[in-house]
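Okay, so the sequence shown: first residue is 1 according to full-length UniProt numbering, each after it adds one. Beta carbons: idealized from backbone N, C-alpha and C, even for Gly. Quick caveat, the model's predicted, so the values are computed rather than measured.
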Amino acid sequence: MNGNYERKLASIFNINSRFLLLEKRQSVESAKLFAKFYVNPTA
Numbered sequence: 001m002n003g004n005y006e007r008k009l010a011s012i013f014n015i016n017s018r019f020l021l022l023e024k025r026q027s028v029e030s031a032k033l034f035a036k037f038y039v040n041p042t043a
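Listed below in structure tokens is the structure:
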């Protein structure tokens with residue numbers, strides 16, 4: 001991965017940290033899906 005991709009993921013997971021604390025499993029999956037579309041909206 002390049003640095004920009006890692007920084008985007010880092011900021012997404014920071015934004016979603018509250019959800020990760022509340023419901024880790026569902027929020028991890030939601031964050032992954034969100035990251036997928038955020039990084040590559042045309043996917």
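{"query": "C-alpha gap between residue 38 and residue 12, whole angstroms", "result": "9 Å"}
{"query": "Counted within 10 angstroms of its Cβ, other Cβ atoms place residue 31 as buried (16 or more) or exposed", "result": "buried"}
{"query": "Any non-hydrogen atom of the ligand MN closer than 6 Å to residue 36 Cβ", "result": "Inclusion of the ligand MN in the displayed structure is not the case, the ligand content being empty and no account of it being possible."}
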